[in-house]
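The sequence shown begins at 17 in my numbering and counts up by one.
Yeah, the Cβ is synthetic: ideal placement off N, Cα and C, and Gly gets one too.
In this text the structure is predicted, and so the values were computed from the model without any measurement.
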Amino acid sequence: MRTHRFSTVSEFLDAAKEMVESGRPFLAQLLVEEAADRAGDPAEADRIRAEWLGPNYRKQG
């Protein structure tokens, strides 16, 4: 099994897309949440979450 180390928001979102395509929606959600957390701008984080997780998504905790 390959180990991936992501460092950019784009890399996290690319990996999330791969997880969706391979039928792993929960892992995709985790990757999207991490990408949003790493976005430097709160508006960008909100956009990522809305685009990937839906407009009604609310981050837990």
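- Distance from the Cα of A61 is smallest, within the candidate group F22, S26, R21, for S26.
- Separation of L47 and A66 (C-alpha to C-alpha, rounded to the nearest whole angstrom) is 14 Å.
- Scanning G70, R40, A32 for the CA closest to the CA of E50 turns up A32.
- Around the beta carbon of F28, 16 or more other beta carbons sit within 10 angstroms, so the residue counts as buried.
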